[in-house]
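Note sheet for the following structure.
There are 4 protein chains.
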Amino acid sequence: MEFEESGIGEECGVFGCVAAGEWPTQLEVAQVLTLGLVALQHRGQESAGIVTSNGASPPTYTTLKGMGLVSTAFSPEALLNLRYDNLGICHTRYSTSGISELQNCQPFVVDTLHGRIAVAHNGELVNAHALRKKVMRHGVGLSTSSDSELITQLLAFTPPMEELDAPDWVARIKNLMMETPTSYSLLIMYKDVIYAVRDPYGNRPLCIGRIVPISKLHSPGTGEGDTEGWVVSSESCSFQSIGAKYYREVLPGEIVQISNHGVKSLTVVPRPEGDLPAFCIFEYVYFARPDSVFEGQMVYTVRQRCGRRLAIEAPTDADVVSTVPESATPAALGYAQQSGLPYIEVLCKNRYVGRTFIQPNTRLRQLGVAKKFGALTDNFAGKRVVLIDDSIVRGNTISPIIKLLKEAGATEVHIRVASPPIRYPCYMGINIPTKEELIANKPEFKDIAGYIGADSVEYLTVEGLVSAVQEGIASQQEKEKMISSTNKSSRRVGHCTACLTGKYPVELEW
Amino acid sequence: MEFEESGIGEECGVFGCVAAGEWPTQLEVAQVLTLGLVALQHRGQESAGIVTSNGASPPTYTTLKGMGLVSTAFSPEALLNLRYDNLGICHTRYSTSGISELQNCQPFVVDTLHGRIAVAHNGELVNAHALRKKVMRHGVGLSTSSDSELITQLLAFTPPMEELDAPDWVARIKNLMMETPTSYSLLIMYKDVIYAVRDPYGNRPLCIGRIVPISKLHSPGTGEGDTEGWVVSSESCSFQSIGAKYYREVLPGEIVQISNHGVKSLTVVPRPEGDLPAFCIFEYVYFARPDSVFEGQMVYTVRQRCGRRLAIEAPTDADVVSTVPESATPAALGYAQQSGLPYIEVLCKNRYVGRTFIQPNTRLRQLGVAKKFGALTDNFAGKRVVLIDDSIVRGNTISPIIKLLKEAGATEVHIRVASPPIRYPCYMGINIPTKEELIANKPEFKDIAGYIGADSVEYLTVEGLVSAVQEGIASQQEKEKMISSTNKSSRRVGHCTACLTGKYPVELEW
Amino acid sequence: MEFEESGIGEECGVFGCVAAGEWPTQLEVAQVLTLGLVALQHRGQESAGIVTSNGASPPTYTTLKGMGLVSTAFSPEALLNLRYDNLGICHTRYSTSGISELQNCQPFVVDTLHGRIAVAHNGELVNAHALRKKVMRHGVGLSTSSDSELITQLLAFTPPMEELDAPDWVARIKNLMMETPTSYSLLIMYKDVIYAVRDPYGNRPLCIGRIVPISKLHSPGTGEGDTEGWVVSSESCSFQSIGAKYYREVLPGEIVQISNHGVKSLTVVPRPEGDLPAFCIFEYVYFARPDSVFEGQMVYTVRQRCGRRLAIEAPTDADVVSTVPESATPAALGYAQQSGLPYIEVLCKNRYVGRTFIQPNTRLRQLGVAKKFGALTDNFAGKRVVLIDDSIVRGNTISPIIKLLKEAGATEVHIRVASPPIRYPCYMGINIPTKEELIANKPEFKDIAGYIGADSVEYLTVEGLVSAVQEGIASQQEKEKMISSTNKSSRRVGHCTACLTGKYPVELEW
Amino acid sequence: MEFEESGIGEECGVFGCVAAGEWPTQLEVAQVLTLGLVALQHRGQESAGIVTSNGASPPTYTTLKGMGLVSTAFSPEALLNLRYDNLGICHTRYSTSGISELQNCQPFVVDTLHGRIAVAHNGELVNAHALRKKVMRHGVGLSTSSDSELITQLLAFTPPMEELDAPDWVARIKNLMMETPTSYSLLIMYKDVIYAVRDPYGNRPLCIGRIVPISKLHSPGTGEGDTEGWVVSSESCSFQSIGAKYYREVLPGEIVQISNHGVKSLTVVPRPEGDLPAFCIFEYVYFARPDSVFEGQMVYTVRQRCGRRLAIEAPTDADVVSTVPESATPAALGYAQQSGLPYIEVLCKNRYVGRTFIQPNTRLRQLGVAKKFGALTDNFAGKRVVLIDDSIVRGNTISPIIKLLKEAGATEVHIRVASPPIRYPCYMGINIPTKEELIANKPEFKDIAGYIGADSVEYLTVEGLVSAVQEGIASQQEKEKMISSTNKSSRRVGHCTACLTGKYPVELEW
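Protein chains in written order, with the UniProt record's numbering: chain U, 1 to 510; chain E, 1 to 510; chain B, 1 to 510; chain Z, 1 to 510.
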């Protein structure tokens, strides 16, 4: 709901699982997959898909796809059929266009000369258009507009068949990564193996978890022998909900093979000399669930830190600090802690307000946000309020909230935004309004406070955001190095701020 | 969702609207009704019903009913048909039994000798069984188990028809109130009028609002001439969402007539000598939306006050205070303010977790609450946490949360409950587990901390709760007396604490 | 589908079953009920309802209701719950108004002073309006517009409660029959008994069947000892589909008690002196399934006889005889047999053509019936066709068929209608267009052949129809008298032809 | 329903339409497509798909697909979006496997190097397995098991891209036809053109119609100037329902281009020297709608002729002739005409009996067919019945019908089957039970009469069937030659009788 209003949205979430040890095992992979996917539901609500395999040779794949939330997309009866499968991948999709189409639903499954593969993709290929041409020039017809199908067809025919006696999927995946720099986090299931792949810029997140006996979930020293299964996910929040321990991130450019024998790093495809990683900074600001961990730090903590820094950059002479529920709450608490102002709640959200199914007339449009939020009047009447929001995209959501607060008795309302203004489109998997729709590009932005009816408006600076994000990483670097002994160069720190600065990590005409 | 888990639930919400002035007016009554009902959705999610009338003589009524949330129960197309109606009532219902039945959906509409009436009811008649017998002894067949049908049939035949030349609905309603002391808040629509009725004990809430032009919504001195319509609702939170000003409560025992000519108090049926009002104290503790106002005070404020008092009654040697989201948050903030301990968030709720459609196996049952809540580890690892909950009913929800927090690193978890233990059943509209299921009645309650895995558990006392509720009312009394010049005796303060103390406001064998 | 087009329709079908002998038995009553109801589906497709009982004291009733065909109205899961019940009644309803309402769905179940009863009704009370007034004057509110609820409330309060120590349902039913002369075939379930009731004029059909072991289904001499259950149905066609033997009709005015002990005639309420029975003649002409038996004769045979008589009354100089499929086929075969002309098929029906979901434009409207029927050109090109239809109501269906045949090569098309023109409304359970809509009342009727584009049009006379119906009964009278020893006067023959002649069996202002 | 019981089923139906003349025109192509598809609904009820195009350069295609009948698969709202398109193709699919999958739903739409194409296919490629291998060897991944995708990918990459400057779809289609001999009737939409293709053996039907003004539909001399649009369809029955005139068949091996400029035969790909055409003879016997025309003769007439020939080959000493409704009726009338025995109806079909949703117990299984058919007892009691069926596949449907008739009083029941016994599988688009399931391959077949309970059983001979089919063609040959001046060699007559004789038109290992 918030996504729709703010106008920015994640493309997708991916999740995979392989039962560890001798098959069959006690682990019900389909259950793990479904629960894991539910934990990624915030990354996409349009459609969901799951593909499981018995891992035999040749494998039997079973596919379920449906529109809507995971809970409506998969029926309990259909899930029962997946019960005995040993590995699988799944996907939840965000609606990027008006028309929802089941056929764009992932994972994409195809039969190739060397067997059946299933592919789930989070991201957006910057050079999709050129790649589509390439694929079609090879004589392949493409039946959807999805990058997933494009990726599967690229995997199927390059490198040329004649060079291969047997399928060398790793060579094919590396080849694919040469063809397209970003952005993708991929899960590719083939027979009894899942390949987890992250683009060289690490633009989209991907991390690995280890399922252990519930009883050992929180004991520090579990060995590999305790492993019941391996999971791979867009976000670590899904590990909590299935009882898995965080294992490590897939590195930028890395191809990891996950099988019942464990996790094996196959290679790390490097970035061009001099390029930094470009992990999407908006995953921290907005998209990710606050209990997820990226680069060794909890998202909630980063948001809190953004709030603290905002309090330093943009202090306010006010009585109370509050939040636009729910996503801005960590930043608001950070702002309150730093500023010493008391934190209160000013809005009560009606969680049942969904689609406006009523033909709106003038009166109702004027009411606007009051359908969604009730003012907790007694908490702020007669007071000066600092209201923290996580981002302002179009500016049409915050304005009626300010009006609501003022009418309910706030003497002043100061808006503090815990991220910088969005000014540029994203071509790497985030759905952002057109440049013209962004409030920061409009003439009214000069007097944004007046435009939205606030007493003042301040944004976090780009530098402030970047340092709030990166200051937590330094202390984590050591810890991670101990866990994984991977390519050092990819451990350099860098984040994509293209939507804020216009500096894209790769040339767009790639 | 919380309701299901905690095992206590409200029965229903009622809402009504009459367009003011000469009909037809600009006000779209059906829109107001639907939005008002959505704002009461927390009071019932099983089914919804709406009945509108053109108010003509004889009137044309239109009825919509459906299962589920308001948004699914009414289709936009069906709502369009109500567009030109001038008044109406609606109802949202809580599932009290396993089997959901459309035929129990309210409002109940019947043709009587004197015309068609529609009835919406919140509450539960303590003497329903005896009344059913009485109705049937008169030769009436009852086609549902709902109190609503019972009420309509009682209204239809008593007082005896032969005593009446024309319908005297007020006499009939008074007669009904003589037959049954509590609990009911009723809306009765007849032709061009809505009668709003609250039982003499005022057990269920009911209040009146006035729709004014949006532009005048927050100007203090709007006169009656500005009135666009009148609304009546279980809770005032619905007024915010439709742009209405709070007008006043319906008093215990009062019959109020609402028409396009305004609001008129017809009578106040008194309680037996010496009886106090008995407004359900759990409306404050649990059921109502925090932005609603009862007896002149905002529910959120009362909850915060409960938290403060709890901090005094049960202080804790700890590092941080937190909440089980979302309903306990005001109490947690109150506890933090009073105790001086910092307030933090410890749990992140996955709002997409709904029905468990997966056949749970042992592993998943062990995981339990982790599907629903993610631990915000960094916020509390290594700390002693005071966790505030609003009530503990069965004890099976809080226990896995404590486990989750401890496993994620909390060194101590102290539970503080912002209401007293529930020990007795409610016969007045609240769905409470059987006595045996209530944790406070179990042998384990002696060592409740050990049972649920907490380091300590403390409850707010009954006295503490009552005084947290009532201390805010005194200061409001004056204000209200100025607005309404009604029966003084009903202005005495009193609350039903039967589920906590076993002291019921009326004899149950009534 | 035909119903919709022709514009006349039956109101309903009723069906009941009681397992015979000591309960529980092997007979699955719910299965029998569902199959029996499916066999009556042609009598109503709007909604279906079933109520079963375990027959205990007090009994437990289970009710299922749903919109649409039996197959969609009842889910297999829901039916499973009825599995162990010992008796039940069910009902299928025809849509008489634009708005389909679940709440009008029968059977109607009510709790009365003396217990719960369930009522299923086929017919329409001619004095419903006066009876509603009477019921409401007693102080009863009526929540639906259905005669079923009216009947249950009348049963509940008359004769006055005070005259009764215990429920005397038979007295109540007799009393009901005194209040309303026609039209009704009723099933009333009370505890362990079904009362089957037919109005004194016998306007709607009702007959009884006996379930025997499949092996003895066709052996002539099965005794009562072989009885596995008793069924009662609007039409005997349902007996075939459940493996029951036809037992006998319920007589006009008769109250029959059906229990596990067998079938018992309780009384026969007489008609006013001199009145003949008034069984709806359109059951023969149009509504009933051709394999049903009324008054000892198969409906198909009567229709065939109508065709033969039509051939005598209205002979044609033509080459071939054909039918508008499918209901007119027996009459067409009868016409062919009598006239000696060869019978052929001229139209092929597309059974998949349902609701026209396409916005029709001029071109499509011109096409009309061609969507539904394909011309079997080679069978009639260059020939003179006699086309038999069973009735012409509005005249808008037959006209495009004639056009289709002519354009496909028929040199002449002569319409012969196997029933007389419909000119009057029915107030006894049949849905007929308003007088103005009936083609027989329009000025164009004078040149009906020209109007519909036929070379000639002839109808069966009223006398012809009546004698085609009644000539088969005489020979049956003896047989039936042997089976049942009931009131002789009710054995007189008479049929309601009100829609054809305007002679109603009772005064309409009753 | 019959299909399910008999166990044989058609694969699909295809339909296309192009508006004639300057675009836009008055013709609503989407309406024509939908109605045309409804008329082919008997060829497949699993799913339906439609693709329309505005025919611009580049074209905009719109696709609708859904499960179930056309009426449920396409919503009226969705169809509205296709309103202004100028050409399109559609498809209805028969369920060949237990699992219905939306993704196998046709038409298949793909983007290729030279633009977007849409393909609808009726038939089954005998060498599908080898072709899949070939496609995958080229490096293409196949995402479905449907022949349609296979065909589109073959079209996309062969002949090799490098040989082409611009798309030469005709060369590609010819190339495809070289790769696979049978069976296919194809519609390929590209930009503003539909290519209609029939395999060299003409195994599946395909014919062309011309939409003319309704007023001129039946005037013989309409010129090309009157043409409003062109349609192409699996069966001509669909032309009647949209107001189109039959134009001609697509010849075996022919590629026809249909555009707004008219119909143009591009080429005819020849069969191997000496091979006859192999039009599926079961289209006549069973699949096609009786009002369709193949090879110049109406299917109904052929079936009637089969009945006549059966009367000659297998005369019966009996009293009456009847049919298993509805498909065997033409043959039964033919048998009656030839034999001189009177034709009567013996069974009344309950059209509402659908899926058996009741858990069947022993009693119900014994009842069997009685749920579906009511015996019209009076028509045959005491008589010897010849019952004509169109085919006997498994033998489990006819047996209970015979029992029903005998128990209802038939003294003898003689089965005469208007086609020869089915003994072999079909690999060309017809779904036939496995060899073991076919009654003709079971030991019981020796005494088939005893096995099914008949007094005698006789089948039409293969020679009889073939001559019944072919004797009508000779007289048509001249007429057709005048209409179309195409390749003479393809005008030779030949029919596929592989399921009866095991003689397949091509080697199966092709």
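Where is the CB? At the ideal position from N, CA and C, for every residue including glycine.
Return the chain-ordered list of same chain residues with a C-beta closer than 6 angstroms to the C-beta of residue i, the five sequence neighbours on each side being excluded.
| i | result |
| --- | --- |
| U/Ala120 | Val14, Ile89, His91, Gln106, Pro107 and Leu187 |
| U/Gly464 | Arg309 and Glu313 |
| Z/Gly16 | Ile89, Leu187, Ile194 and Val232 |
Any idea which residues DSSP pairs residue i with across the strands?
| i | result |
| --- | --- |
| B/Leu64 | B/Ile50 |
| E/Thr122 | Note on identity: in this sequence residue 122 of chain E is Asn, with Thr being the wrong assignment. Answer is E/Ser185. |
| E/Gly262 | E/Ser259 |
| Z/Ala288 | Per DSSP, none; premise fails for Z/Ala288. |
| B/Thr92 | B/Gly13 and B/Ala48 |
| E/His414 | E/Val386 and E/Ser456 |
List the residues of chain U that residue i touches, going by C-beta distances under 9 angstroms, in chain order.
| i | result |
| --- | --- |
| Z/Phe157 | His138, Gly139, Val140 and Gly141 |
Can you name, in chain order, every residue of its own chain whose Cβ lies under 7 angstroms from the Cβ of residue i, other than the five neighbours on each side?
| i | result |
| --- | --- |
| U/Thr501 | Val462 |
| U/Gly382 | Gly409 and Thr411 |
| E/Glu283 | Pro205 and Phe294 |
For residue i, which residues of its own chain have a beta-carbon under 8 angstroms away from its beta-carbon, when the five flanking residues on both sides are left out?
| i | result |
| --- | --- |
| Z/Ala19 | Thr25, Leu27, Val29, Asn86, Leu87, Glu228, Gly229 and Asn260 |
Along chain U, which residues have their Cβ under 7 angstroms away from the Cβ of residue i?
| i | result |
| --- | --- |
| E/Leu217 | Glu407 |
| E/Val353 | Val38 |
For residue i, go through chain E and note every residue whose CB falls closer than 9 angstroms to its CB, in chain order.
| i | result |
| --- | --- |
| B/Gln153 | Gly139, Val140 and Gly141 |
| B/Asp199 | Here the premise fails: no neighbours, minimum Cβ distance about 21 angstroms. |
For residue i, return the contacting residues in chain B, with the cut-off set at a CB-CB distance below 9 angstroms.
| i | result |
| --- | --- |
| E/Phe108 | Gly141 and Ser143 |
| Z/Glu345 | Pro290, Tyr300, Thr329, Pro330 and Leu333 |
Using a cut-off of 7 angstroms between C-beta atoms, extract the partners of residue i located in chain B.
| i | result |
| --- | --- |
| Z/Val377 | Per the sequence presented here, residue 377 of chain Z reads as Thr, with Val not at that position. Chain B residues near Z/Thr377: Met298. |
Are there any heavy atoms of the ligand SAM lying less than 7 angstroms away from the beta-carbon of residue i, as far as the coordinates show?
| i | result |
| --- | --- |
| Z/Tyr504 | In the structure on display, the ligand SAM does not appear, and there are no ligands present to speak of. |
For residue i, go through chain Z and note every residue whose CB falls closer than 9 angstroms to its CB, in chain order.
| i | result |
| --- | --- |
| U/Leu102 | Lys65, Leu102 and Gln103 |
Listed from N- to C-terminal order along the chain, which residues in the segment 169 to 189 of chain B have their beta-carbon within a distance smaller than 7 angstroms of any beta-carbon of chain E?
none
Closer than 8 angstroms is the cut-off here; do at least three beta carbon pairs connect the segment 198 to 212 of chain U with the segment 272 to 285 of chain U?
yes
For the structure I just gave you, are there three or more beta carbon pairs, one from the segment 404 to 415 of chain E and one from the segment 319 to 337 of chain U, closer than 8 angstroms?
no
Decide if the segment 170 to 185 of chain B is in contact with the segment 170 to 177 of chain E; the criterion is three or more beta carbon pairs, one per stretch, under 8 angstroms apart.
no
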